[in-house]
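S.K.: Below you'll find the structure I mean.
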Amino acid sequence: MSFLSNSGMAVMAYLDPGSGSFLIQMLLAGGLGAAFLIKTYWRKIKGLFNKNNEDVSPSVMEDAHQEK
Numbered sequence: 088m089s090f091l092s093n094s095g096m097a098v099m100a101y102l103d104p105g106s107g108s109f110l111i112q113m114l115l116a117g118g119l120g121a122a123f124l125i126k127t128y129w130r131k132i133k134g135l136f137n138k139n140n141e142d143v144s145p146s147v148m149e150d151a152h153q154e155k
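Numbering (my numbering), first residue to last: 88 to 155.
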């Protein structure tokens with residue numbers, strides 16, 4: 088990009104009003120995707136910081152089996 092500013096040619100860049108809403112949409116989608124990823128892997132993330140390095144809780148299938 089720096090070579091364009093030094094070339095002496097006029098660089099025409101136009102951002103239409105939809106560009107701002109697209110940028111906001113992409114930021115929102117990235118944030119929600121990151122939140123879903125953290126929610127999905129929360130037990131593994133929490134296990135990384137657990138002092139005794141044990142599994143935080145049994146799996147969902149084991150919980151369902153114990154309730155019967």
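Even for Gly, the Cβ is constructed at its ideal location relative to N, Cα and C. All values reported here derive from a predicted model rather than from experimental measurement.
According to DSSP, is Phe136 part of a helix, a strand, or is it coil?
M.R.: As a working note, residue 136 is residue 49 in the sequence shown. Three-state DSSP puts Phe136 in coil, outside helix and strand.
S.K.: In the DSSP assignment, find the alpha helix (DSSP H) that holds Leu102 and state where it starts and stops.
M.R.: Numbered from 1 along the sequence shown, position 15 holds the residue referred to as residue 102. Run containing Leu102: none; DSSP gives neither H nor E here.
S.K.: In whole angstroms, what is the alpha-carbon distance linking Met99 and Ser106?
M.R.: Translated into positions along the sequence shown, residue 99 becomes position 12. Translated into positions along the sequence shown, residue 106 becomes position 19. Between Met99 and Ser106, the C-alpha separation is close to 16 angstroms.
S.K.: Does DSSP put Val143 in a helix, a strand or coil?
M.R.: Here the question's residue 143 lines up with position 56 in the sequence shown. Note that Val143 has pLDDT 49, beneath the 50 cutoff, so the model's placement of it is unreliable and no number is given.
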